[in-house]
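Since the structure comes first, as structure tokens, the remarks are kept for the end.
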Amino acid sequence: MRIKSIDICGFKSFFNRTSLSFLPGITALVGPNGCGKSNIVDAIRWALGEQSAKQLRGNLMEDVIFNGSRQKKPLSMAEVSVVFANDNGNAPIQYKDFAEIEVTRRVFRNGESEYYINKTPCRLKDITELFLDTGVGARAYSIIEQSRVEAIINSKPQELRVLIEEAAGISKFKARKQEALRKMDATRQNLIRVKDVLGEIEKQLNSLSNQAKKLKRFKALKDKIRSLELALTSRQYLSLSNLEAQKRTELEKLKGQQEILMAEEKVLEAELVAKKAGLQEEEEKFSVLQKKKMELEYLLREEENNLTRKNEKIADLENQRENTEKAIEENLLRLKLEEEEVARAEVLKFELQEKLQEIENNLKAEEEIFSQLKKELAAVRTNLESKKEELFEIRYEISRRENNIDHGTRTQKEYQRRLEQNEAETFEAQRRYKSLRDNQVIIIQELEKIREEQKRLESEKELLLIKISQLQSEIKELTDSITAGKENLARLESQKESLQELQRNFEGCSEGVRSILQKRKEIGVGNEGILGIVADFIETEPRFEVAVESVLGDKLQYVIVKSQAEGVEAVKYLTDNSSGRGSFIPLKTEKLFTGKEPGEDISSFSATPLINLIKVKDGFEHIIRYLIGKTLVVEDLPQALTIWGKTPSYTIVTLNGEVIDPFGVITGGNHNGIESRFLKRNREIRELGEKIVSLTEQLSHLQSHKEEKDRELSECQSALKYREELLIQQKLSLQHKERDLSQNREESERIKRKMDFLVLEKKKLEGELREIEEELEKLLSEREELIARQSARENDFNELQNREKDCQQKIASQEVSFNHWKNGFIDLKTQISSISSTLELRKRSIEQGKNEISKGKKYLSELTEELTALKEEVKAAITRIDEITKLYQQQEEMLSSQSNKLEELRQELFLVEEKLKNTRQEYHQLYPIIQALDHELAQYTTEIHFLEEKIKNKYQVSLKEIVAEYYEGEYSEEELRVQLEKLEQAQLRMMEGINFNAEREYEEQVEKHRFYQTQAEDLEKALNSLQEAIQKINRTSRERFRDTFYRVNENFQKIIPLVFEGGKGELILTDENDLLETGVEIMVQPGGKSLRHISLLSGGEKALAAISLLFSLYLIKPTPFCLLDEIDSPLDDANVDRFIAIIKQFAPNSQFIIITHNKKTMEIADTLYGITMEEPGVSKVVSVRLN
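To convert a position in the sequence shown, counted from 1, into the working numbering, add 31.
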């Protein structure tokens, strides 16, 4: 697809809409610097999809919009359209049949962009895909700029390799490989972490397995308690359910009637929906008919307008026919007049020809006399000419000598000037050489500074890397600590929740106490009347818990109530509901008890009053004094017996729980783990809460510390990135300085060679100047001799001139008579010639008139035929108008019918709505009756609901579903109740040390172990998969790079001989064994020179070698067109000729568009466009086609 044309409006310096057409062959764009030539290349690149503003020599995309000038305001939009000729049909399949493909791009100042293909809106992706596999694109080698040539000249082997990679298309493979390597590192780290987690999980599994077994035995006992309690409750539930069923039957009957009305309502609603749908459908039909009517009305107007236009055209043609007929009549009349004039002119011509013959005879006689005189004059002039030639020869020799003298003088002055210039150039070269040497020292010093700065930055980078590594380790440790802390926190919260669940379910309390505490609201006492059990209001140290529980025993379950009235109400509830027994102690009583009764002095005993070891909530001290006011604590039983003997009015308790009451009854033995179930559980809940708060604060501190470390890591990484950027800048500076040093040394060497040359030139000039001065002396002598000879010859020449004058006077006299006859002859001949010309013109006019008459008759015939055809079309149009009018009338009738049908449907809809309204009224009248029955039924349902909620809250099962299973049994309700209490006591003994989450935690850990095991296997598979992918990428990259390199090298070897006559060139790999990392070097051997690296070539040779490489890359996938932007600027005339040879070699197969300043390059162009700026800031195009 070659470029056929480009249309630019508002793009950069092109304010006005500018169009350029590009024919096959070579087109040159010329003009002064800064006039906007390269903006045309930018416009093409931008239209092809370039998204980088920097590639378009800007900072933002809106920079491509014309930004105003002194006389022009900024524009709000830029637009470029490029038309491609699809001559070879290699466009994508959806555009294959198009002869031309137009790509348009617009951008607005608000950042919005628009893209079009053949004036159809599209996406940027569509434009990119349009040029895929065609070799055309914004970054393709079909656009070659001077910057690319310079980049190649200054490139290192690794940078040149990038060009081959781009041509081979393996850049995307390198990116994929880097991504795969990053994934491999991440996957390895993940695998290490997963294996660490697996090790921790395996340790926890062993411990949790034992805990789960213990929990399983506990659950078996709990399940048996559950069965007994469900059996007891099921019997109570069934008797209440029978009473409820009777009322429910009556209620269902009324609800059945209500459902019938509801069904009828739904039927009517469905019918209403159907009617509405039917009405909507007919309304849509009405709209369709109405739309059809409007279309027919529009068509009728179009046909009538068309008929009017045809009638107007017929009138116009009639007028043209009338004018043509008049023109034919006028031409016939003019033709007749011209023929009469021709006849008269021919008669006059004949008469004048006879008179001409008579004058011609007299002229011949006079001519003979005139001829004789001329012969005599010729003889004199021949002799005079001979003398004149001798004199001219002498004068020529004198002039030649004077010219030689003048030339010698000028040459002498030129050689003197060149000697002066030589001295000036020698002085300037010496000054320049000294300046370069001084500058060389400065550059070397700057290089040393840059290298020192690099070392400093490298040192700082290493320190930052070490610090980053340390911070990452610290962050990992903090993360692990936070993770462990969160797991520990979750474990503590789980333990606390388990204990609180036991506390909420009042586990360990008797049935009566549990019933009162669970149903305190239903009893009528309320939360304020029942305050809790005694155990909830006291605390003691762990070592005294056994002693306190041994003394208090069941008193720990005494329910503290606000007053005796609440206690009486609670006892009544237990009695009425057969819910067991309970003790209730009032907080306020009419009998004031202080606990300070007179007794023995115990200060001499090694015993402590138990009341002093207990912490009691404010307001409840008198109750606790009442319960344990006269109790002493001692270490062991022997000490207790000793003290009891001395103070028989006190109860004595040991730390192990042995008790001696005032009467001497000793209670003791093994407690089986139930001695401190209330106080210990309360204490553990408090301690767990404190641990949770403490651990939460620790986690918060760790999280803050981690965030601080994260911020510090981020700052170090930013500093590292900044140092790396500085290092890159330093490396670039080092490269630039090294290049400057190399250029300085080359320039110094060149200046030194020039100084040697100037010395030799001076010697040569001095020698040649001496020779010129000797030659001048010789020429002056010869000139004097020639001047003497010239004087003698001038005397002879003057005598012959006098004889010539006499002959001339005689000839002049005869010439008057001769000229009289000659002028008469000429005048008559001129008159005859004029008449002949007039005759010829009139004959041509007659012929032209005949042709115009013929054309007029032919045009008249065509007009008649066109009039006939138009009249036929008018008849057909009238017929169509009649047909459309009939259709329009039919459509109006159908609309009227449809309107009537719509009115009937609306009436039916109204009737259905009225019927639905009546049904709903009947339905709502049943509501008060049903509500009354519901209220009556609620009394039975509440009692049943109490039993259901009790079972549901405790066992999470539905009592209704399990009644049949548990109702039948061999035991009575009383026997079931006794067995239940015994098993609950056994359950309390087993609760010590139970982890209620053991099974769940064990399953979670097993699941975690399975999950992480799968993760580890998946990660190992992923590592293998990534390794295979990298190997495949490496293999593909090697193959593509090798194939492309050989093809580019082959092209390079073919192009170099065209550029350097008799020369050779090749591309060399720096490491053939490592195709993934090898660099590429350019070696060139110009004709008559040795093979050398591109860096050792002259400036022009470097540019030609770089251009050859770019064309070698271009030939990998040639495109129908190629844009060259001033790439010939660094070339001298000889190298430009070589560059032109390359262009001519490729021009037959590709269209070339060249931006150039070089005249030789302009000469090969078939079309030349000049870019100017007549108005500052606004580009203008002037074109010349040269072919």
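Glycine is no exception: its CB is placed at the ideal position from the N, C-alpha and C atoms.
| Under the criterion of a Cβ to heavy atom distance below 8 Å, does Asp-437 qualify as lining the ligand ATP? | The ligand ATP is absent from the structure shown, which contains no ligand whatsoever.
| task | Check whether the stretch 1134–1142 touches the stretch 1084–1098, taking contact to mean three or more Cβ pairs, one atom from each stretch, closer than 8 Å. | result | Contact between the stretch 1134–1142 and the stretch 1084–1098 is present, because at least three Cβ pairs lie under 8 Å.
| field | Val-1212 to Leu-155 span [Cα, whole Å] | value | Spanning the two alpha carbons is a distance of roughly 29 Å.
| said: In whole angstroms, give me the CA-to-CA distance for Arg-545 and Glu-572. | reply: Per the coordinates, the alpha-carbon of Arg-545 lies some 26 Å from the alpha-carbon of Glu-572.
| request: Kindly give me the distance between the Cβ atoms of Glu-916 and Leu-331, rounded to whole angstroms, as I take these residues to be in contact under 8 Å. | output: Per the sequence shown, residue 916 should be read as Thr rather than Glu. With 8 Å as the limit, Thr-916 and Leu-331 qualify as a contact, their Cβ atoms being about 7 Å apart.
| said: Using C-beta distances below 7 Å, list every residue in its chain close to Ile-57, excluding the 5 sequence neighbours before and after it, in chain order. | reply: Sequence-distant Cβ neighbours of Ile-57 in its own chain, meaning closer than 7 Å and more than five residues away, are Ile-1174, Ala-1178, Phe-1183, Ile-1185, Ile-1195, Ala-1196 and Asp-1197.
| request: Can you check DSSP and say which residues form a bridge with Cys-153? | output: In DSSP, Cys-153 forms a bridge with Tyr-146.
| said: In the DSSP output, which residue or residues are listed as bridge partners for Gly-563? | reply: Looking at the DSSP output, Gly-563 sits in a beta bridge with Ile-591.
| field | Collapsed DSSP secondary structure at Cys-66 in the structure displayed | value | DSSP places Cys-66 in coil when its eight states are reduced to three.
| field | Glu-275 beta carbon less than 9 Å from that of Leu-968 | value | Using a Cβ distance threshold of 9 Å, Leu-968 and Glu-275 count as a contacting pair.
| task | Decide if Tyr-997 is buried, meaning its Cβ has at least 16 other Cβ atoms within 10 Å, or exposed. | result | It is buried - the Cβ of Tyr-997 has at least 16 other Cβ atoms within 10 Å.
| field | Closest by C-alpha distance to Leu-730, when choosing among Ser-512, Leu-282, Glu-454 and Phe-97 | value | Leu-730 has its Cα closest to that of Ser-512, out of Ser-512, Leu-282, Glu-454 and Phe-97.
| field | Helix, strand or coil at Asp-38 [DSSP, three-state] | value | Strand at Asp-38.
| message | So, under 8 Å CB-CB, Arg-824 and Glu-421 are touching, yes? Tell me the CB distance rounded to an integer number of Å. | response | The beta-carbon distance between Arg-824 and Glu-421, rounded to whole angstroms, is 5 Å. This is short enough to meet the 8 Å contact definition.
| Segments assigned alpha helix (DSSP H), at least 4 residues, entirely inside the stretch 787–868 | Listed in chain order, there is nothing to give.
| message | I need the DSSP call for Gly-543, collapsed to helix, strand or coil. | response | DSSP places Gly-543 in helix when its eight states are reduced to three.
| C-alpha distance - Asn-1055 paired with Arg-1069, whole-angstrom precision | Cα-Cα distance, rounded: 21 Å.
| field | Runs of beta strand (DSSP E) lying entirely within the stretch 1060–1122, each at least 3 residues, in chain order | value | Complete beta strand (DSSP E) runs here, min 3: 1095–1100 and 1111–1116.
| field | Collapsed DSSP secondary structure at Ile-345 in the structure displayed | value | The three-state reading of DSSP puts Ile-345 in helix, counting H, G and I together.
| field | Sufficient close CB pairs (3 or more, under 8 Å) joining the stretch 846–859 to the stretch 357–376 | value | Put simply, the stretch 846–859 does not touch the stretch 357–376. Fewer than three CB pairs are less than 8 Å apart.
| field | Beta-carbon contacts of Ile-697 that lie in its chain and below 6 Å, excluding the five residues immediately before and after | value | Excluding residues within five positions, the ones whose Cβ falls inside 6 Å are Ile-691.
| request: Give, in chain order, every unbroken run of the alpha helix (DSSP H) that is at least 4 residues long and sits entirely within the stretch 1138–1216. | output: The qualifying runs are 1164–1177 and 1190–1194.
| said: In chain order, what are the residue ranges of uninterrupted alpha helix (DSSP H) at least 4 long that sit wholly in the stretch 962–1027? | reply: Fully contained in the stretch 962–1027 are the following alpha helix (DSSP H) runs of length 4 or more, in chain order: 990–998 and 1004–1021.
| task | Assign Arg-88 to one of two classes, buried (16 or more other C-beta atoms within 10 Å of its C-beta) or exposed (fewer than that). | result | With fewer than 16 Cβ atoms within 10 Å of its Cβ, Arg-88 is classed as exposed.
| Between the C-alpha atoms of Gly-142 and Asp-73, what's the straight-line distance to the nearest angstrom? | Linking Gly-142 to Asp-73 through their CA atoms gives a straight-line distance of about 18 Å.
| task | Thinking Glu-491 and Arg-754 are a contact (beta carbons under 8 Å), I'd like their distance in whole angstroms, please. | result | Their Cβ separation, rounded to whole angstroms, is 5 Å, which keeps Glu-491 and Arg-754 in contact under 8 Å.
| Measuring CA to CA, which of Arg-875, Glu-372, Arg-266 and Leu-936 is closest to Glu-979? | Ranking Arg-875, Glu-372, Arg-266 and Leu-936 by Cα distance to Glu-979 puts Arg-266 first.
| query | To the nearest angstrom, how far is it from the Cα of Arg-462 to the Cα of Glu-799? | reply | Those two C-alpha atoms are separated by around 28 Å.
| Of the residues Thr-159, Met-108 and Phe-1072, the one placed nearest Glu-81, counting alpha carbons only | Nearest option by C-alpha distance: Thr-159.
| query | Quick one: any contact between the stretch 493–502 and the stretch 823–837, if contact means 3 or more CB pairs under 8 Å? | reply | Verdict: no, contact absent.
| request: Hey, could you find the ends of the alpha helix (DSSP H) Leu-658 is sitting in? | output: DSSP places Leu-658 inside the alpha helix (DSSP H), whose first and last residues are 652–659.
| task | Would you please verify whether the beta carbon of Lys-419 is less than 9 Å from any beta carbon of chain C? | result | No chain C is present in this structure, which holds just one protein chain.
| task | Taking Glu-93 as part of the alpha helix (DSSP H), name the residues at either end of that continuous run. | result | For Glu-93, no alpha helix (DSSP H) run applies, since DSSP gives it neither H nor E.
| task | Would you tell me roughly how many angstroms separate the C-alpha atoms of Lys-43 and Arg-76, rounded to the nearest one? | result | Whole-angstrom Cα-Cα distance: 13 Å.
| said: Could you compute how far the alpha carbon of Lys-1 sits from the alpha carbon of Ser-848? | reply: Outside the shown range of the chain (32 to 1218) lies residue 1, about which nothing can therefore be said.
| query | Val-579 by DSSP, collapsed to three states: which one? | reply | In the structure shown, Val-579 sits in a helix (DSSP, three-state: H, G or I).
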